[in-house]
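Asks:
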Amino acid sequence: MSPSTENYDNCYCVQLRYTFGIVCLILTSYFYIYIKRKQFKNITTKIPTIFGLPFIGIAYKLVPIKRFLYIISSYFEEFNTSTYCAWLGTYPVIVTIDPDIIKTVTSSTEFLSKAEVLYNPINKAIPKGIITSEVSTWKHNRKLINGYFNHKLLMSLFPLFNRGANTSVKRLSKLSNGGEHKLFDLIKRVTLEIAIEATMGVDMREGASENYELIDLFTILMEKIAEDAACSTLGLGFLARTPDYYKSRRSLRNFMNKLIEERTNNNNMSKVEEWQYDEETMSSFLDISLNYFDNGKFAKEDVIIESISLIGASFETVATAIYSGLVMLSMHSDVQEKLFQEIHSIWSENDIQVTYDHLKEVPYLDMVVAETLRLMPSIPIVGRQTIHQTKLTSDLILPPKMQVIVPIFTLHRAKTWWGPKAHLFNPDNFLPENIAKRNPYVYMPFSKGARNCIGWRYAEIAVRIMLIVLVRNFKFSTAFKYEDLHFVDHISLWYDVEPNIKVELRK
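Listed below in C-alpha coordinates is the structure:
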(Lines of atoms letter the chains of each structure in order from A and count residues from 1; the text may use other names and numbers.)
(Lines give C-alpha, C1' and ligand atoms only; values in the text may rest on other atoms or scores of the structure.)
Protein backbone atom coordinates (compact mmCIF):
# COMPACT_ATOMS: atom_id res chain seq x y z
CA MET A 1 0.00 0.00 0.00
CA SER A 2 1.41 3.36 -1.01
CA PRO A 3 1.81 6.17 1.56
CA SER A 4 -0.83 8.24 -0.23
CA THR A 5 -3.33 5.36 -0.08
CA GLU A 6 -2.60 4.81 3.62
CA ASN A 7 -3.08 8.54 4.36
CA TYR A 8 -6.35 8.48 2.46
CA ASP A 9 -7.57 5.49 4.46
CA ASN A 10 -6.61 7.18 7.74
CA CYS A 11 -8.44 10.36 6.77
CA TYR A 12 -11.46 8.34 5.73
CA CYS A 13 -11.52 6.51 9.07
CA VAL A 14 -11.24 9.76 11.01
CA GLN A 15 -14.03 11.29 8.96
CA LEU A 16 -16.15 8.17 9.49
CA ARG A 17 -15.63 8.36 13.26
CA TYR A 18 -16.59 12.02 13.32
CA THR A 19 -19.68 11.34 11.22
CA PHE A 20 -20.65 8.43 13.45
CA GLY A 21 -20.14 10.60 16.56
CA ILE A 22 -22.30 13.40 15.15
CA VAL A 23 -25.06 10.94 14.17
CA CYS A 24 -24.97 9.40 17.67
CA LEU A 25 -25.14 12.87 19.24
CA ILE A 26 -28.13 13.83 17.11
CA LEU A 27 -29.94 10.56 17.84
CA THR A 28 -29.21 10.84 21.56
CA SER A 29 -30.43 14.44 21.57
CA TYR A 30 -33.66 13.60 19.82
CA PHE A 31 -34.19 10.63 22.12
CA TYR A 32 -33.72 12.98 25.09
CA ILE A 33 -36.28 15.40 23.63
CA TYR A 34 -38.69 12.53 22.96
CA ILE A 35 -38.42 11.26 26.54
CA LYS A 36 -38.70 14.76 27.98
CA ARG A 37 -41.82 15.59 25.95
CA LYS A 38 -43.35 12.20 26.76
CA GLN A 39 -42.77 12.94 30.45
CA PHE A 40 -45.09 15.95 30.22
CA LYS A 41 -47.61 14.39 27.83
CA ASN A 42 -50.33 14.34 30.48
CA ILE A 43 -50.11 18.16 30.50
CA THR A 44 -49.38 19.00 26.86
CA THR A 45 -52.27 16.88 25.57
CA LYS A 46 -54.80 18.65 27.80
CA ILE A 47 -54.05 22.30 27.13
CA PRO A 48 -52.82 24.15 24.01
CA THR A 49 -49.05 23.70 23.75
CA ILE A 50 -46.34 25.48 21.77
CA PHE A 51 -43.30 23.24 21.36
CA GLY A 52 -41.05 25.49 19.29
CA LEU A 53 -37.62 24.28 18.23
CA PRO A 54 -35.69 21.38 19.81
CA PHE A 55 -33.67 22.40 22.91
CA ILE A 56 -34.72 26.07 22.86
CA GLY A 57 -38.49 25.81 22.51
CA ILE A 58 -40.00 29.24 21.82
CA ALA A 59 -37.08 31.12 23.44
CA TYR A 60 -35.88 32.33 20.04
CA LYS A 61 -39.19 34.16 19.58
CA LEU A 62 -38.77 36.09 22.81
CA VAL A 63 -35.73 38.07 21.70
CA PRO A 64 -35.20 40.91 21.27
CA ILE A 65 -36.63 41.52 24.73
CA LYS A 66 -39.01 44.20 23.43
CA ARG A 67 -41.11 41.42 21.88
CA PHE A 68 -41.42 39.32 25.03
CA LEU A 69 -44.68 40.63 26.54
CA TYR A 70 -46.42 40.75 23.19
CA ILE A 71 -45.37 37.26 22.07
CA ILE A 72 -46.51 35.81 25.40
CA SER A 73 -49.84 37.63 24.97
CA SER A 74 -50.33 36.58 21.35
CA TYR A 75 -50.76 32.87 22.16
CA PHE A 76 -53.84 33.55 24.29
CA GLU A 77 -55.51 35.04 21.22
CA GLU A 78 -54.10 32.47 18.79
CA PHE A 79 -55.47 29.52 20.78
CA ASN A 80 -58.49 31.37 22.19
CA THR A 81 -57.55 30.23 25.68
CA SER A 82 -56.74 31.64 29.09
CA THR A 83 -54.09 28.98 29.79
CA TYR A 84 -51.47 27.36 27.60
CA CYS A 85 -48.17 25.48 27.84
CA ALA A 86 -44.96 26.65 26.18
CA TRP A 87 -41.54 25.04 26.01
CA LEU A 88 -38.70 27.30 27.10
CA GLY A 89 -35.49 25.42 26.44
CA THR A 90 -35.99 21.78 27.40
CA TYR A 91 -38.70 22.41 29.99
CA PRO A 92 -42.37 23.38 29.62
CA VAL A 93 -44.00 26.20 31.58
CA ILE A 94 -47.68 26.90 32.02
CA VAL A 95 -48.74 30.44 31.16
CA THR A 96 -52.12 31.59 32.48
CA ILE A 97 -54.48 34.53 32.91
CA ASP A 98 -57.25 32.35 34.33
CA PRO A 99 -58.31 33.91 37.69
CA ASP A 100 -59.24 30.52 39.18
CA ILE A 101 -55.81 29.10 38.40
CA ILE A 102 -54.15 32.31 39.60
CA LYS A 103 -56.02 31.97 42.89
CA THR A 104 -54.77 28.40 43.28
CA VAL A 105 -51.18 29.32 42.44
CA THR A 106 -50.98 32.38 44.71
CA SER A 107 -52.90 30.82 47.61
CA SER A 108 -51.51 27.29 47.79
CA THR A 109 -48.53 26.44 50.00
CA GLU A 110 -47.45 24.10 47.20
CA PHE A 111 -46.57 27.14 45.05
CA LEU A 112 -44.40 29.10 47.49
CA SER A 113 -41.26 28.64 45.38
CA LYS A 114 -40.47 31.29 42.74
CA ALA A 115 -40.27 30.22 39.09
CA GLU A 116 -36.62 29.66 38.21
CA VAL A 117 -37.00 30.78 34.61
CA LEU A 118 -37.88 34.30 35.81
CA TYR A 119 -35.97 34.65 39.06
CA ASN A 120 -32.65 32.85 38.60
CA PRO A 121 -30.96 36.00 37.17
CA ILE A 122 -32.01 37.94 40.28
CA ASN A 123 -30.79 35.12 42.52
CA LYS A 124 -27.39 35.13 40.84
CA ALA A 125 -26.96 38.84 41.51
CA ILE A 126 -28.62 38.99 44.96
CA PRO A 127 -28.43 35.38 46.18
CA LYS A 128 -30.94 34.05 48.71
CA GLY A 129 -32.67 37.38 49.25
CA ILE A 130 -36.35 37.65 50.10
CA ILE A 131 -37.29 37.92 46.42
CA THR A 132 -35.82 34.57 45.38
CA SER A 133 -34.90 32.56 48.49
CA GLU A 134 -36.11 29.00 48.95
CA VAL A 135 -39.16 28.52 51.12
CA SER A 136 -37.67 27.85 54.55
CA THR A 137 -35.30 30.84 54.35
CA TRP A 138 -38.05 33.03 52.94
CA LYS A 139 -40.50 32.17 55.73
CA HIS A 140 -37.96 33.04 58.43
CA ASN A 141 -36.77 36.29 56.86
CA ARG A 142 -40.18 37.48 55.69
CA LYS A 143 -41.57 37.19 59.20
CA LEU A 144 -38.77 39.40 60.50
CA ILE A 145 -38.84 41.89 57.61
CA ASN A 146 -42.60 42.33 57.96
CA GLY A 147 -41.79 44.34 61.09
CA TYR A 148 -40.21 47.02 58.92
CA PHE A 149 -43.44 47.49 56.99
CA ASN A 150 -45.78 47.82 59.96
CA HIS A 151 -48.17 50.74 60.00
CA LYS A 152 -46.39 52.88 62.59
CA LEU A 153 -43.05 52.64 60.88
CA LEU A 154 -44.56 53.47 57.51
CA MET A 155 -46.05 56.57 59.12
CA SER A 156 -42.53 57.59 60.21
CA LEU A 157 -41.49 57.56 56.53
CA PHE A 158 -43.97 60.31 55.57
CA PRO A 159 -41.44 63.15 56.14
CA LEU A 160 -38.97 61.32 53.89
CA PHE A 161 -41.58 60.78 51.16
CA ASN A 162 -42.62 64.44 51.38
CA ARG A 163 -39.02 65.59 51.20
CA GLY A 164 -38.43 63.42 48.13
CA ALA A 165 -41.53 64.84 46.46
CA ASN A 166 -40.44 68.40 47.14
CA THR A 167 -36.95 67.58 45.88
CA SER A 168 -38.64 66.51 42.63
CA VAL A 169 -40.48 69.85 42.51
CA LYS A 170 -37.18 71.74 42.76
CA ARG A 171 -35.60 69.68 39.99
CA LEU A 172 -38.63 69.82 37.70
CA SER A 173 -38.95 73.57 38.20
CA LYS A 174 -35.68 73.95 36.32
CA LEU A 175 -37.29 72.22 33.33
CA SER A 176 -40.60 74.07 33.38
CA ASN A 177 -41.77 76.07 30.38
CA GLY A 178 -38.93 74.81 28.25
CA GLY A 179 -40.32 72.19 25.91
CA GLU A 180 -40.53 68.43 26.50
CA HIS A 181 -38.01 66.54 28.62
CA LYS A 182 -37.08 63.02 29.63
CA LEU A 183 -38.27 62.62 33.21
CA PHE A 184 -37.87 58.93 34.00
CA ASP A 185 -34.22 59.12 35.05
CA LEU A 186 -34.93 62.12 37.26
CA ILE A 187 -37.77 60.26 38.98
CA LYS A 188 -35.69 57.10 39.37
CA ARG A 189 -32.93 59.08 41.03
CA VAL A 190 -35.36 60.57 43.56
CA THR A 191 -37.02 57.24 44.38
CA LEU A 192 -33.61 55.58 44.75
CA GLU A 193 -32.51 58.32 47.13
CA ILE A 194 -35.64 57.69 49.20
CA ALA A 195 -35.13 53.90 49.14
CA ILE A 196 -31.48 54.15 50.19
CA GLU A 197 -32.24 56.51 53.06
CA ALA A 198 -35.25 54.49 54.25
CA THR A 199 -33.40 51.19 54.04
CA MET A 200 -29.90 52.14 55.12
CA GLY A 201 -30.30 55.40 57.02
CA VAL A 202 -27.81 57.13 54.72
CA ASP A 203 -28.35 60.87 54.24
CA MET A 204 -29.13 61.41 50.55
CA ARG A 205 -30.13 65.07 50.74
CA GLU A 206 -28.63 67.67 48.45
CA GLY A 207 -24.96 68.02 49.31
CA ALA A 208 -24.43 64.41 50.38
CA SER A 209 -22.53 63.80 47.15
CA GLU A 210 -20.25 61.15 48.60
CA ASN A 211 -23.20 58.76 48.60
CA TYR A 212 -24.30 59.34 45.01
CA GLU A 213 -22.06 56.51 43.80
CA LEU A 214 -24.62 54.18 45.37
CA ILE A 215 -27.22 55.34 42.88
CA ASP A 216 -24.99 54.48 39.93
CA LEU A 217 -24.14 51.06 41.43
CA PHE A 218 -27.79 50.10 41.91
CA THR A 219 -28.72 51.38 38.46
CA ILE A 220 -26.00 49.31 36.77
CA LEU A 221 -26.83 46.15 38.73
CA MET A 222 -30.56 46.35 37.95
CA GLU A 223 -29.88 46.90 34.26
CA LYS A 224 -27.53 43.92 34.12
CA ILE A 225 -30.02 41.66 35.91
CA ALA A 226 -32.60 42.58 33.28
CA GLU A 227 -30.14 41.78 30.47
CA ASP A 228 -29.31 38.47 32.15
CA ALA A 229 -33.02 37.58 32.29
CA ALA A 230 -33.45 38.35 28.60
CA CYS A 231 -30.41 36.37 27.51
CA SER A 232 -31.13 33.43 29.82
CA THR A 233 -34.12 32.32 27.74
CA LEU A 234 -31.53 31.23 25.18
CA GLY A 235 -29.03 29.99 27.75
CA LEU A 236 -26.82 33.05 27.20
CA GLY A 237 -27.26 34.83 30.50
CA PHE A 238 -23.51 34.86 31.07
CA LEU A 239 -23.19 37.52 28.36
CA ALA A 240 -24.82 40.04 30.70
CA ARG A 241 -22.40 39.31 33.55
CA THR A 242 -19.82 41.84 32.43
CA PRO A 243 -17.05 43.41 34.55
CA ASP A 244 -19.51 46.23 35.39
CA TYR A 245 -21.97 43.63 36.70
CA TYR A 246 -19.42 42.10 39.08
CA LYS A 247 -17.98 45.48 40.05
CA SER A 248 -21.37 46.91 41.03
CA ARG A 249 -22.30 43.79 42.99
CA ARG A 250 -18.94 43.74 44.80
CA SER A 251 -19.01 47.48 45.53
CA LEU A 252 -22.52 47.30 47.00
CA ARG A 253 -21.48 44.47 49.29
CA ASN A 254 -18.35 46.38 50.34
CA PHE A 255 -20.41 49.46 51.12
CA MET A 256 -22.85 47.43 53.18
CA ASN A 257 -20.01 45.74 55.07
CA LYS A 258 -18.45 49.09 55.87
CA LEU A 259 -21.77 50.57 56.99
CA ILE A 260 -22.52 47.57 59.21
CA GLU A 261 -19.11 47.83 60.86
CA GLU A 262 -19.62 51.54 61.50
CA ARG A 263 -23.09 51.00 62.93
CA THR A 264 -21.94 48.05 65.03
CA ASN A 265 -19.02 50.01 66.51
CA ASN A 266 -21.22 53.02 67.29
CA ASN A 267 -24.38 51.13 68.08
CA ASN A 268 -26.03 52.30 71.26
CA MET A 269 -29.22 50.33 70.64
CA SER A 270 -30.02 48.00 73.49
CA LYS A 271 -30.47 44.35 72.68
CA VAL A 272 -34.13 43.46 72.98
CA GLU A 273 -35.96 40.34 71.97
CA GLU A 274 -38.28 42.23 69.62
CA TRP A 275 -37.55 45.51 67.87
CA GLN A 276 -39.71 48.35 69.21
CA TYR A 277 -40.97 51.30 67.19
CA ASP A 278 -39.72 54.70 68.35
CA GLU A 279 -42.19 57.48 67.52
CA GLU A 280 -39.50 60.16 67.82
CA THR A 281 -37.25 58.89 65.04
CA MET A 282 -37.41 57.09 61.72
CA SER A 283 -35.57 53.79 62.07
CA SER A 284 -34.03 52.43 58.90
CA PHE A 285 -34.26 48.79 57.88
CA LEU A 286 -30.54 48.52 58.62
CA ASP A 287 -31.15 49.59 62.23
CA ILE A 288 -33.84 46.95 62.60
CA SER A 289 -31.89 44.16 60.88
CA LEU A 290 -28.80 44.89 62.98
CA ASN A 291 -30.96 44.43 66.05
CA TYR A 292 -31.97 41.04 64.65
CA PHE A 293 -28.29 40.33 63.99
CA ASP A 294 -27.40 41.18 67.61
CA ASN A 295 -30.07 38.75 68.80
CA GLY A 296 -28.94 35.96 66.48
CA LYS A 297 -32.05 36.07 64.28
CA PHE A 298 -30.16 37.33 61.22
CA ALA A 299 -26.73 36.36 60.00
CA LYS A 300 -24.55 39.19 58.72
CA GLU A 301 -25.13 37.90 55.20
CA ASP A 302 -28.89 38.30 55.74
CA VAL A 303 -28.39 41.95 56.71
CA ILE A 304 -26.38 42.62 53.55
CA ILE A 305 -28.53 40.71 51.07
CA GLU A 306 -31.92 41.79 52.40
CA SER A 307 -30.87 45.45 52.47
CA ILE A 308 -29.76 45.28 48.84
CA SER A 309 -32.94 43.32 47.93
CA LEU A 310 -35.27 45.90 49.45
CA ILE A 311 -33.58 48.81 47.71
CA GLY A 312 -33.40 47.03 44.36
CA ALA A 313 -37.02 45.90 44.56
CA SER A 314 -38.45 49.24 45.61
CA PHE A 315 -36.80 52.12 43.81
CA GLU A 316 -37.38 51.22 40.16
CA THR A 317 -40.88 49.80 40.61
CA VAL A 318 -41.99 52.92 42.50
CA ALA A 319 -40.33 55.14 39.89
CA THR A 320 -42.08 53.25 37.08
CA ALA A 321 -45.48 53.72 38.73
CA ILE A 322 -44.90 57.47 39.24
CA TYR A 323 -43.59 58.02 35.73
CA SER A 324 -46.43 55.97 34.21
CA GLY A 325 -48.91 58.06 36.18
CA LEU A 326 -47.41 61.25 34.75
CA VAL A 327 -47.47 59.80 31.23
CA MET A 328 -51.16 58.89 31.55
CA LEU A 329 -52.04 62.31 32.98
CA SER A 330 -50.05 64.00 30.21
CA MET A 331 -52.03 62.08 27.59
CA HIS A 332 -55.42 62.52 29.29
CA SER A 333 -55.80 66.20 30.15
CA ASP A 334 -59.40 65.75 31.36
CA VAL A 335 -58.29 63.21 33.95
CA GLN A 336 -55.39 65.44 35.00
CA GLU A 337 -57.68 68.44 35.47
CA LYS A 338 -60.17 66.44 37.52
CA LEU A 339 -57.36 65.13 39.70
CA PHE A 340 -55.89 68.62 40.11
CA GLN A 341 -59.25 69.95 41.28
CA GLU A 342 -59.47 67.20 43.89
CA ILE A 343 -55.96 67.97 45.13
CA HIS A 344 -56.49 71.75 45.00
CA SER A 345 -59.61 71.45 47.15
CA ILE A 346 -57.38 70.15 49.96
CA TRP A 347 -54.20 72.14 49.31
CA SER A 348 -54.89 75.63 48.02
CA GLU A 349 -51.19 76.50 48.43
CA ASN A 350 -48.29 74.95 46.53
CA ASP A 351 -46.29 74.05 49.63
CA ILE A 352 -47.61 70.60 50.54
CA GLN A 353 -46.93 68.25 53.42
CA VAL A 354 -49.03 65.13 52.92
CA THR A 355 -50.20 63.16 55.95
CA TYR A 356 -51.77 59.72 56.21
CA ASP A 357 -55.19 61.27 56.84
CA HIS A 358 -54.87 63.28 53.62
CA LEU A 359 -54.62 60.03 51.64
CA LYS A 360 -58.15 59.16 52.75
CA GLU A 361 -59.47 62.34 51.09
CA VAL A 362 -58.37 61.71 47.49
CA PRO A 363 -60.55 58.89 46.09
CA TYR A 364 -60.06 59.97 42.49
CA LEU A 365 -56.28 59.75 42.96
CA ASP A 366 -56.78 56.15 44.11
CA MET A 367 -58.67 55.43 40.90
CA VAL A 368 -56.00 57.06 38.73
CA VAL A 369 -53.19 55.14 40.44
CA ALA A 370 -55.07 51.84 40.24
CA GLU A 371 -55.82 52.31 36.53
CA THR A 372 -52.19 53.26 35.87
CA LEU A 373 -51.01 50.08 37.59
CA ARG A 374 -53.56 48.08 35.63
CA LEU A 375 -52.23 49.14 32.25
CA MET A 376 -48.62 49.53 33.34
CA PRO A 377 -47.95 47.15 36.26
CA SER A 378 -44.47 47.86 37.60
CA ILE A 379 -43.71 44.11 37.57
CA PRO A 380 -45.33 42.85 34.36
CA ILE A 381 -44.87 39.10 34.87
CA VAL A 382 -44.53 36.80 37.90
CA GLY A 383 -44.15 33.07 38.34
CA ARG A 384 -44.27 30.26 40.88
CA GLN A 385 -43.29 26.62 40.77
CA THR A 386 -44.50 23.51 42.51
CA ILE A 387 -42.69 22.04 45.50
CA HIS A 388 -44.30 18.59 45.23
CA GLN A 389 -46.65 16.93 42.78
CA THR A 390 -49.63 19.26 42.82
CA LYS A 391 -53.16 19.38 41.48
CA LEU A 392 -53.63 22.60 39.48
CA THR A 393 -57.09 21.88 38.08
CA SER A 394 -59.36 18.86 37.97
CA ASP A 395 -57.53 17.76 34.81
CA LEU A 396 -53.96 18.90 35.43
CA ILE A 397 -51.56 17.25 37.88
CA LEU A 398 -48.20 19.03 37.88
CA PRO A 399 -44.89 17.32 38.74
CA PRO A 400 -42.43 18.86 41.23
CA LYS A 401 -40.71 22.06 40.02
CA MET A 402 -43.29 22.68 37.29
CA GLN A 403 -43.42 26.42 36.65
CA VAL A 404 -46.57 28.52 36.25
CA ILE A 405 -46.19 32.00 34.78
CA VAL A 406 -48.74 34.81 35.18
CA PRO A 407 -48.23 37.68 32.70
CA ILE A 408 -49.86 40.45 34.75
CA PHE A 409 -49.46 42.84 31.82
CA THR A 410 -51.72 40.59 29.71
CA LEU A 411 -54.12 39.74 32.55
CA HIS A 412 -54.79 43.45 33.18
CA ARG A 413 -55.58 44.07 29.51
CA ALA A 414 -57.69 40.96 28.84
CA LYS A 415 -61.02 41.88 27.25
CA THR A 416 -62.58 38.81 28.88
CA TRP A 417 -62.20 40.44 32.28
CA TRP A 418 -62.03 44.16 31.47
CA GLY A 419 -64.38 44.59 28.51
CA PRO A 420 -63.89 45.59 24.85
CA LYS A 421 -62.00 48.79 25.76
CA ALA A 422 -59.60 47.05 28.14
CA HIS A 423 -56.58 48.60 26.39
CA LEU A 424 -57.73 52.18 27.07
CA PHE A 425 -56.99 54.31 30.14
CA ASN A 426 -60.17 54.76 32.16
CA PRO A 427 -60.03 55.42 35.94
CA ASP A 428 -63.77 54.64 36.12
CA ASN A 429 -62.75 50.97 36.01
CA PHE A 430 -62.10 51.46 39.72
CA LEU A 431 -65.37 53.00 40.76
CA PRO A 432 -66.64 51.03 43.79
CA GLU A 433 -69.51 49.49 41.84
CA ASN A 434 -67.13 48.26 39.11
CA ILE A 435 -64.69 46.80 41.61
CA ALA A 436 -67.51 44.94 43.37
CA LYS A 437 -68.57 42.99 40.27
CA ARG A 438 -65.05 41.97 39.22
CA ASN A 439 -63.13 38.82 40.17
CA PRO A 440 -60.40 39.97 42.60
CA TYR A 441 -57.83 37.77 40.85
CA VAL A 442 -57.91 39.70 37.57
CA TYR A 443 -56.10 42.65 39.20
CA MET A 444 -52.79 42.03 40.96
CA PRO A 445 -50.29 44.89 40.49
CA PHE A 446 -48.29 43.72 43.51
CA SER A 447 -48.90 40.01 42.91
CA LYS A 448 -51.02 38.14 45.46
CA GLY A 449 -50.74 35.60 48.22
CA ALA A 450 -47.99 34.93 50.74
CA ARG A 451 -45.18 35.75 48.29
CA ASN A 452 -46.63 39.01 47.09
CA CYS A 453 -44.59 42.23 47.07
CA ILE A 454 -43.62 42.79 50.70
CA GLY A 455 -43.34 46.55 50.15
CA TRP A 456 -46.70 47.14 48.46
CA ARG A 457 -47.93 49.55 51.13
CA TYR A 458 -44.63 51.46 50.99
CA ALA A 459 -45.07 51.72 47.21
CA GLU A 460 -48.71 52.83 47.35
CA ILE A 461 -47.93 55.61 49.83
CA ALA A 462 -44.80 56.81 48.02
CA VAL A 463 -46.55 56.92 44.63
CA ARG A 464 -49.56 58.81 45.96
CA ILE A 465 -47.55 61.43 47.83
CA MET A 466 -45.34 62.05 44.81
CA LEU A 467 -48.29 62.44 42.43
CA ILE A 468 -50.17 64.73 44.82
CA VAL A 469 -47.21 67.08 45.14
CA LEU A 470 -46.30 67.04 41.45
CA VAL A 471 -49.83 67.52 40.11
CA ARG A 472 -50.44 70.36 42.59
CA ASN A 473 -47.32 72.19 41.37
CA PHE A 474 -47.19 71.37 37.66
CA LYS A 475 -49.27 70.78 34.57
CA PHE A 476 -47.96 67.95 32.38
CA SER A 477 -48.45 67.38 28.66
CA THR A 478 -46.87 65.42 25.81
CA ALA A 479 -47.06 65.15 22.04
CA PHE A 480 -46.47 61.38 22.28
CA LYS A 481 -49.53 59.37 21.24
CA TYR A 482 -51.07 56.79 23.55
CA GLU A 483 -51.37 54.26 20.73
CA ASP A 484 -47.60 54.49 20.11
CA LEU A 485 -46.69 53.25 23.59
CA HIS A 486 -44.75 49.97 23.54
CA PHE A 487 -43.58 48.19 26.68
CA VAL A 488 -40.62 46.00 27.54
CA ASP A 489 -40.21 43.43 30.32
CA HIS A 490 -36.97 44.48 31.99
CA ILE A 491 -37.68 42.80 35.37
CA SER A 492 -39.72 45.93 35.99
CA LEU A 493 -41.78 47.45 33.18
CA TRP A 494 -39.83 49.68 30.81
CA TYR A 495 -40.89 51.82 27.88
CA ASP A 496 -39.39 50.91 24.52
CA VAL A 497 -39.46 54.65 23.77
CA GLU A 498 -39.93 56.89 26.79
CA PRO A 499 -42.39 59.71 26.07
CA ASN A 500 -40.93 63.16 26.64
CA ILE A 501 -43.09 65.33 28.90
CA LYS A 502 -43.61 69.06 29.04
CA VAL A 503 -43.65 70.56 32.54
CA GLU A 504 -45.43 73.85 33.29
CA LEU A 505 -45.53 75.51 36.69
CA ARG A 506 -49.06 76.10 37.97
CA LYS A 507 -49.80 79.59 39.23
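Residue numbering for the sequence shown follows this note's numbering, beginning at 0 and increasing consecutively. Note that beta-carbon positions come from the ideal geometry of N, C-alpha and C, so glycine has one too.
#1: Assess, as a yes-or-no matter, whether the stretch 459-478 is touched by the stretch 487-506 under the definition of 3 or more beta carbon pairs within less than 8 Å.
#2: Quick check: the Cα distance between L185 and R170, rounded to an integer number of angstroms?
#3: Considering only residues of the stretch 454-497, which uninterrupted alpha helix (DSSP H) runs meet the minimum length of 4 residues and lie entirely inside it, listed in chain order?
#4: Measuring only the C-alpha atoms, how far is C230 from W137?
#5: I think H180 touches I500, with their Cβ atoms under 8 Å apart; what is that distance to the nearest whole Å?
#6: Between the stretch 149-166 and the stretch 192-199, can you find at least three pairs of beta-carbon atoms closer than 8 Å?
#7: Considering only the alpha carbon of each residue, which of I464, L68 and V62 lies closest to P376?
#8: If E305 and I129 are in contact, beta carbons under 8 Å, what's the gap, nearest whole angstrom?
#9: Evaluate the contact criterion for the stretch 448-459 versus the stretch 312-326: three or more CB pairs, one atom per stretch, below 8 Å.
#10: Using only the alpha-carbon positions, how far apart do P53 and E370 sit?
#11: From the DSSP output, in three-state form, read off Y83 for me.
#12: Does P91 pass the burial test, meaning 16 or more other C-beta atoms within 10 Å, or should it be called exposed?
#13: For the stretch 82-96 against the stretch 401-415, do three or more pairs of beta-carbon atoms, one drawn from each stretch, fall closer than 8 Å, so that the two count as touching?
#14: Note down, one range per segment and in chain order, each alpha helix (DSSP H) of at least 4 residues found wholly within the stretch 145-233.
#15: Quick one, are the C-beta atoms of L152 and K296 less than 8 Å apart?
#16: Does the separation of the CB atoms of D301 and N140 fall below 8 Å?
#17: By Cβ distance below 8 Å, which residues in the same chain neighbour N438 in space, the five residues on each side in sequence not counted?
#18: If contacts are defined as beta-carbon pairs under 8 Å, then L374 and H411 qualify, I think. What distance do you get, rounded to the angstrom?
#19: Between the beta-carbon of M327 and the beta-carbon of F254, is there less than 8 Å?
#20: Contact check, V367 vs G418 under 8 Å by CB: the rounded distance?
#21: Considering only the alpha carbon of each residue, which of Y355, T18, I21 and I378 lies closest to S446?
#22: Does the separation of the CB atoms of T198 and F284 fall below 8 Å?
#23: Is the beta carbon of L251 sitting closer than 8 Å to the one on L289?
#24: Relative to the alpha-carbon of F314, which residue among S347, S72, I55 and S491 has its alpha-carbon at the smallest distance?
#25: Could you give the first and the last residue of the continuous beta strand (DSSP E) run that contains L504?
#26: Does T95 come out as helix, strand or coil in the three-state DSSP assignment?
#27: I think V134 touches G382, with their Cβ atoms under 8 Å apart; what is that distance to the nearest whole Å?
#28: Let me confirm a value: Q384 is counted as buried when at least 16 other C-beta atoms fall within 10 Å, else exposed. Which label applies?
#29: Going by beta carbon distance, what residues of the same chain come within less than 7 Å of G177, once the five residues before and after it are set aside?
#30: Among all the DSSP beta bridges, which residues are the ones paired with I404?
#31: Taking C-alpha atoms, which residue in W493, G311, Y363 and R162 lies nearest to Q340?
Replies: According to the structure data:
#1: yes
#2: 8 Å
#3: 455-472
#4: Separation of C230 and W137 (C-alpha to C-alpha, rounded to the nearest whole angstrom) is 27 Å.
#5: Going by Cβ atoms, the distance from H180 to I500 rounds to 6 Å, so yes, they are a contact pair.
#6: yes
#7: L68
#8: 6 Å
#9: yes
#10: 41 Å
#11: strand
#12: buried
#13: Three or more pairs of CB atoms, one per stretch, sit closer than 8 Å, so the stretch 82-96 contacts the stretch 401-415.
#14: 150-155, 157-172, 183-199 and 211-231
#15: Contact flag unset, no.
#16: Cβ atoms of D301 and N140: closer than 8 Å.
#17: P98 and W416
#18: 7 Å
#19: no
#20: Actually they do not touch by this definition, with Cβ atoms about 19 Å apart.
#21: I378
#22: In contact: T198 and F284 (Cβ atoms closer than 8 Å).
#23: Not in contact: L251 and L289 (Cβ atoms no closer than 8 Å).
#24: S491
#25: I500 to L504
#26: strand
#27: Incorrect: roughly 15 Å between the Cβ atoms, too far for contact.
#28: Here Q384 is buried: its Cβ has 16 or more other Cβ atoms, across all protein chains shown, within 10 Å.
#29: none
#30: Paired residues: V94 and G382.
#31: Y363
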